Structures are given as C-alpha cells and as structure tokens.
C-alpha cells in the first residue's frame, strides 16, 4: 500500500532537508517525495524555486575541476589568447586572485569533516562489522558513539 501524501504547508526545515537530500545525498525527486510523503509536483516546485540544480552543480564541482579550470586560464593567459564562449564571443578573463582566495577557503572547509559524515561512515562500518562479527560490533559501536559525541563537541567549539 502506498504511503499517504502529506498535505499542508511545509516548514522551511522540511524544504531545507529536501534540498540537502537532493544536493548532497544525490536523491532523485521521486525518492524525496516518498521519504517526505510529499507530492512529486511539490518536490519539483521546491527544486525549481530553490535552484537546487545549480546548487548541486556547485556541490559536485570539486577541487580537481576547479584546478583544471585555473590551469586552462593560466595557459591561455601565458599564450596571450582571449577567453571565448562556445559561439566565439570574447568574455572576461577569470579573476585568478579571487579564484585563489575561494580555493583557499574551499580547501580549508573540505579538510573539516562534519559530524553528519562521521555518523554516516561509522554507521556503515558498524553495519558491516555486525554482519561478520556481531559480538565485536557491540563493543566497537560503543566507541564509535563516544567518538561521534567528541566530534559533535569539537565541531560546536566545546
């Protein structure tokens, strides 16, 4: 039996959670609709008004791709070539100083691991261990919980 779709006004927290599921977790709108018990049209509307596709594109753009773009710009500048779009129209060159500052901030942020990521990895690890050594999994899970509490405290500045 299909889940009954929820009606009524969504909270901003619910919309933010749906966006997170799409952008960072990679869920499709259909899966988000099922999980949140919302009509698929609602999810698509949130996706459009919140510009989730643009945010996902930025989220998926990693440091390797950014470095490639910077290197292409550096080579183009060294050769004295102009930057052009697909139609051949000249466009403004990349501001290397601004990109460098952004990359420095990105590198700093990407080295920090959020408690949510730690939780997900530890849960996956615990599930794996419980399949091969159930007795050991109980002990290890306790340490994982303690580490997660430590990580949350560390992340919140305590």
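Numbering (the numbering used here), first residue to last: -13 to 144.
Don't be surprised by glycine CBs; every beta carbon is placed ideally from N, CA and C.
Since this is a predicted model, take the numbers as computed values, not measurements.
Query                                                                                                                                                  : Result
Whose C-beta lies closer than 7 angstroms to the C-beta of residue 12 among residues of the same chain, with five residues either side of it excluded? : none
Report, in whole angstroms, the separation of the C-beta atoms of residue 18 and residue 29, which I expect to be a contact under 8 angstroms.         : 5 angstroms
Counting pairs of Cβ atoms below 8 angstroms between the stretch 23 to 41 and the stretch 54 to 68, do you hit three or more?                          : no
Run through DSSP, which three-state label would residue 23 get?                                                                                        : coil
Flag residue 75 as yes if its beta-carbon sits less than 9 angstroms from any beta-carbon of chain B, otherwise no.                                    : Protein chains in the displayed structure number just one, and chain B is not present.
Does DSSP classify residue 76 as helix, strand or coil?                                                                                                : strand
Could you spell out where the alpha helix (DSSP H) holding residue 140 opens and where it closes?                                                      : 120 to 141
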